[in-house]
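This report concerns only the one structure given below.
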Amino acid sequence: MITTRHFSIDQLGDAAELLREGQLVAFPTETVFGLGANALDAAAVGRIFVAKGRPSDNPLIVHLASRDELSRIVSHVPEVAKALMDRFWPGPLTLVFAKSAVVPCSVTAGLDTVAVRVPAHPVATELIRLSGVPIAAPSANRSGRPSATTWQAVSEDLEGRIAGIVEGAPTQFGLESTVVDVSTSQVTLLRPGGVSLEALQQVVPGIQVYDMRSNAAGSDQQPGSLEGMNQTVNSPGLRHRHYQPKARILLVKDMVSQPRTAAEPSAFIGVSEPNDAPKFTRILVCQSVEEYASSLFDFFRQADQVGAKSVYCESVPEVGIGAALMDRLRRASES
Ligand code: AMP
Ligand code: MG
Numbered sequence: 287m288i289t290t291r292h293f294s295i296d297q298l299g300d301a302a303e304l305l306r307e308g309q310l311v312a313f314p315t316e317t318v319f320g321l322g323a324n325a326l327d328a329a330a331v332g333r334i335f336v337a338k339g340r341p342s343d344n345p346l347i348v349h350l351a352s353r354d355e356l357s358r359i360v361s362h363v364p365e366v367a368k369a370l371m372d373r374f375w376p377g378p379l380t381l382v383f384a385k386s387a388v389v390p391c392s393v394t395a396g397l398d399t400v401a402v403r404v405p406a407h408p409v410a411t412e413l414i415r416l417s418g419v420p421i422a423a424p425s426a427n428r429s430g431r432p433s434a435t436t437w438q439a440v441s442e443d444l445e446g447r448i449a450g451i452v453e454g455a456p457t458q459f460g461l462e463s464t465v466v467d468v469s470t471s472q473v474t475l476l477r478p479g480g481v482s483l484e485a486l487q488q489v490v491p492g493i494q495v496y497d498m499r500s501n502a503a504g505s506d507q508q509p510g511s512l513e514g515m516n517q518t519v520n521s522p523g524l525r526h527r528h529y530q531p532k533a534r535i536l537l538v539k540d541m542v543s544q545p546r547t548a549a550e551p552s553a554f555i556g557v558s559e560p561n562d563a564p565k566f567t568r569i570l571v572c573q574s575v576e577e578y579a580s581s582l583f584d585f586f587r588q589a590d591q592v593g594a595k596s597v598y599c600e601s602v603p604e605v606g607i608g609a610a611l612m613d614r615l616r617r618a619s620e621s
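And the structure:
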């Protein structure tokens, strides 16, 4: 156990110093809280995997303060990537590029590509700028658990295991970034997130969508070929268990037809009021799919705190942020 120092957002200089020393610091971004380490320091990166209990074959996303630093860590920037960066950076879009030699293998899980993004969050960008190095940062939670969307959730999972936590406000999107592979001529959406497929298609009409369902969490199946394509997509992290609270997650279309045992504490989250609302120990009816997405992971943690055995999650149409939300719900419901 180590002592975890807590920083307010006006103490970023001290937090940046820990990062420069090779220590781990959690910080807010617009997607979820990230667990940062100097991406160019293999020992520092190794500490991320230990603190999170993260499998070493799950690569990390490198965060930059600005696009100007990209040439340091990637070996080639295709034209299509420039168009995507012009439109979506800074923001919740991660791009996968051919990596440069300075990026340690542990960051990329041995792949010859590196995932990069520039966050749209003033605290994140200032911290990265002050540290003076690219920052590798997965979500700041223990591996397999719901991502942390508040500093309290970071503390719940990682207090005593990391050097510092920057105490920012709860995150805006609440789901992780969209991941798009631009390292080959066929641009491919690997993970839905804060930037929707529809928005990406406006810039890259021919973008392919990787079928996450054929690459189920917890299976030992390798990432396979996309239908109609002769190339292999390699995004190892997609097959790991993810986002799971202690409670069982049940994805439901129609609450009316769901049998429930009154004796078992349970929770509900969705956008419509279930007709048996009083039977739930904890319930959150959101005003929009955006609110549903941003509240989900914190709700999972609250459900655990009240001892819920099951969390009923309403299905939503897979458009806009709804696609990312359904992806996380599906993966959380896999056991
Ligand atoms: P997390 O930091 O937990 O949001 O996970 C980052 C995810 O980004 C990984 O689990 C992968 O699915 C994806 N990713 C990171 N680096 C690469 C890469 N070089 N190639 C393909 N996918 C990647
Ligand atoms: Mg994660």
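If you use this note's numbering, the sequence shown corresponds to residues 287 to 621, in order.
Idealized CB from N, CA, C, for every residue including glycine.
Heavy atom of the ligand AMP less than 7 Å from the Cβ of residue i, yes or no?
{"i": "P345", "result": "yes"}
{"i": "A401", "result": "yes"}
{"i": "T394", "result": "yes"}
{"i": "R477", "result": "yes"}
{"i": "D467", "result": "yes"}
{"i": "L397", "result": "yes"}
{"i": "V623", "result": "Past the edges of the chain, shown from 287 to 621, lies residue 623, and the structure says nothing about it."}
{"i": "V452", "result": "no"}
{"i": "V382", "result": "yes"}
Is residue i close to the ligand MG? I mean its beta-carbon at under 7 Å from any heavy atom of the ligand.
{"i": "P376", "result": "no"}
{"i": "E577", "result": "no"}
With 16 other CB atoms within 10 Å as the buried threshold, where does residue i fall?
{"i": "I607", "result": "buried"}
{"i": "H528", "result": "buried"}
{"i": "A455", "result": "exposed"}
{"i": "I414", "result": "buried"}
{"i": "R617", "result": "buried"}
{"i": "A369", "result": "exposed"}
{"i": "M612", "result": "buried"}
{"i": "H294", "result": "Note that residue 294 is Ser in the sequence shown here, rather than His. S294 is exposed by the Cβ-count criterion."}
{"i": "Q487", "result": "exposed"}
{"i": "D540", "result": "exposed"}
Between residue i and residue j, what straight-line distance do the alpha-carbon atoms span, to the nearest angstrom?
{"i": "R306", "j": "G418", "result": "8 Å"}
{"i": "A502", "j": "G460", "result": "Since pLDDT at A502 reaches only 37, below the 50 mark, its modelled position is unreliable, and no value is offered."}
{"i": "S505", "j": "A449", "result": "Low confidence applies here, because S505 scores a pLDDT of 31, under 50, leaving its location unreliable and the question unanswered by this model."}
{"i": "P341", "j": "F335", "result": "7 Å"}
{"i": "S624", "j": "A330", "result": "There is simply no residue 624 to check, as the chain begins at 287 and stops at 621 in what is shown."}
{"i": "R534", "j": "R431", "result": "13 Å"}
{"i": "A302", "j": "V452", "result": "10 Å"}
{"i": "C572", "j": "S580", "result": "10 Å"}
{"i": "G514", "j": "W375", "result": "Note on G514: pLDDT 30, under 50, position unreliable in the model; no value is reported."}
In chain order, what residues have a CB nearer than 7 Å to some heavy atom of the ligand MG?
-> Those residues are P424, S425, N427, S433, E462 and H528, given in chain order.
4 or more residues per run - each alpha helix (DSSP H) lying fully within the segment 341–426 = List check, alpha helix (DSSP H) in window: 356–359, 365–374, 391–394 and 408–417.
Which ranges would you report for the alpha helix (DSSP H) in the segment 297–331 if only whole runs of at least 4 residues count?
-> Every alpha helix (DSSP H) stretch that sits fully inside the segment 297–331 and reaches 4 residues is listed by chain position as 298–306.
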